[in-house]
Amino acid sequence: VAGLVFAPNPVLGGNPSIGTITLSSVAPSGGASVTLSGGGIAVSIPYSVVVPAGSYSTSFVAETTPVSSNTTVTITASSGGTQTTGTLTVLQPSALAITLNPNPVVGGSSTLATVTLNANAPGGGATVALSSTNTSIATVPSTVTVPAGETQATFTVNTSTVTVSTAVNVSGAYNGTATGALTVYPV
């Protein structure tokens, strides 16, 4: 076995990556069986694959699971007394967007905010740290948890009365920061 590469690499947890095994010479009649090992809980791979007769390579699907931190795994491919390794990095999700509805909102009322991740939350969920650029006008809870296997969670933004229209940024941080702009206007 001459090589093992993955594409895409890195890959967001919960999405597949394609592994490609390359032999140093053409596979014999009947093909060349290649045994795969490694991956741990972040990556699921087949036990073995066959490089077809007359070919130098074959591909397989590496299924990934959502992870709570970026995880690099090593996969070993063995055949005919030779082996090689390849690494695959599985990325944790990150905050992608904050949306607010309704927006704008009259001061003294509340609005519903939704934080969206770019991939499913890992087991145990993803705790997103929340903040407001002006807590005297718009308050948010300190955190919201996106449930495991989900991409979104909602929370309430409470506002105070204002005398002039005021813009406030509401942000969520989880392996990156997403921000939504809220406009609070007077009655």
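The sequence shown begins at 31 in the working numbering and counts up one residue at a time. Using N, Cα and C, we set each Cβ at its ideal position, and we do this for glycine too.
When DSSP labels each residue in this structure, what does residue i get in the three-state scheme?
i	result
N131	strand
L142	strand
I75	coil
E180	coil
N188	strand
T196	strand
L53	coil
S84	Sequence check: residue 84 is Gly here, not Ser. Residue state, collapsed to three classes: coil.
T95	coil
S89	strand
T165	coil
G202	strand
If you check the beta carbons only, do residue i and residue j fall under 8 Å apart?
i	j	result
T173	T157	yes
T95	G43	yes
V120	T101	yes
Y204	S124	yes
V81	S87	yes
T106	A149	no
S98	P152	yes
S226	G49	Residue 226 lies beyond the range of the chain shown here (31 to 217); nothing can be said about it.
S190	S166	yes
V200	T213	no
V56	S78	no
G155	T175	yes
A92	G61	no
Looking at the unbroken beta strand (DSSP E) that takes in residue i, where does it start and where does it end?
i	result
Y215	207-215
L28	The displayed coordinates of the chain run from 31 to 217. Any statement about residue 28 would go beyond what the structure contains.
I105	101-109
A159	156-162
Q113	112-121
G44	Neither: G44 is in no beta strand (DSSP E) and is coded neither H nor E.
G33	33-37
- request: For the stretch 182-194 and the stretch 143-150, state whether three or more C-beta atom pairs, one from each stretch, are separated by less than 8 Å.
  value: yes
- prompt: Quick check: the stretch 191-198 against the stretch 105-117, are there 3 or more CB pairs under 8 Å?
  reply: Two segments are said to touch when three or more pairs of C-beta atoms, one from each, lie closer than 8 Å; by this definition the stretch 191-198 does not touch the stretch 105-117.
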